[in-house]
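Undergrad:
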Amino acid sequence: MFFKKVPSISTKELESKLVEKPQIIDVREPHEFKAGHISGAKNIPLGKVANHTTKGTTYVVCQSGMRSKRATKQLLAKGQDVVNVRGGMSSWTGSVRGGKL
């Protein structure tokens, strides 16, 4: 499992899926989330994501893609259908909710 490839998509691919209202988990800390996040995303910090259960395909995002990759691995180990968002919010060019830092 350690070297298993994590399913992932680009921020552009996720942006094109927003019309389908996908489930998105943002694993950044609450203050980062409040500073600006993808509309419809649910904030579940990395330290708490292992206790979370997803239903259906869920996309996992953070600031750069590193924390979301760790969270995706944790949730995959529990048998959940999750996809990492490569590049995270640093690469996101779509609209955001919340303020800017």
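The C-terminal position of the sequence shown is numbered 523 in our numbering, with every residue numbered one higher than the one before it.
Ideal Cβ placement from N, Cα and C applies to all residues, glycine included.
1. Once the 5 residues before and after residue 523 are set aside, which same chain residues still bring their CB inside 8 Å of it?
2. Helix, strand or coil for residue 508 per DSSP?
3. Which same chain residues, not among the five before or five after residue 466, have their C-beta less than 7 Å away from its C-beta?
4. Pull up the distance between the alpha-carbon of residue 472 and that of residue 496, whole angstroms please.
5. Measure the alpha-carbon distance for residue 434 versus residue 487 and round it to whole angstroms.
6. Judging by CA-CA distance, which residue of 520, 452 and 463 is the nearest neighbour of residue 445?
7. For residue 519, which residues does DSSP report across the bridge?
8. Between the Cα of residue 478 and those of 429, 427, 468 and 503, spot the shortest distance and give me the residue it belongs to.
TA: According to the data block:
1. The residue given as residue 523 occupies position 101 in the sequence shown. Confidence at residue 523 is low in this model, with a pLDDT of 42, below 50, so the placement of that residue is unreliable and no value is reported for it.
2. Walking along the sequence shown from the start, residue 508 turns up at place 86. Of the three classes helix, strand and coil, the one that applies to residue 508 here is coil, per DSSP.
3. Along the sequence shown, read from residue 1 onward, the residue named residue 466 stands at position 44. Beyond the five residues adjoining it in sequence on each side, residue 466 comes within less than 7 Å, by CB distance, of 447, 449 and 474 in the same chain, given in chain order.
4. Residue mapping note: residue 472 aligns to position 50 of the sequence shown, counting from 1. Residue mapping note: residue 496 aligns to position 74 of the sequence shown, counting from 1. Approximately 6 Å, taken between the alpha carbons.
5. Here residue 434 refers to the residue found at position 12 of the sequence shown. Here residue 487 refers to the residue found at position 65 of the sequence shown. It is roughly 14 Å from the alpha-carbon of residue 434 to the alpha-carbon of residue 487.
6. By 1-based counting over the sequence shown, the position of residue 445 is 23. It is 463 whose Cα lies nearest to the Cα of residue 445.
7. In the sequence shown, residue 519 corresponds to position 97, counting from 1. For residue 519, which the question treats as bridged, DSSP gives the partners 459.
8. Along the sequence shown, read from residue 1 onward, the residue named residue 478 stands at position 56. Nearest C-alpha to residue 478: 503.
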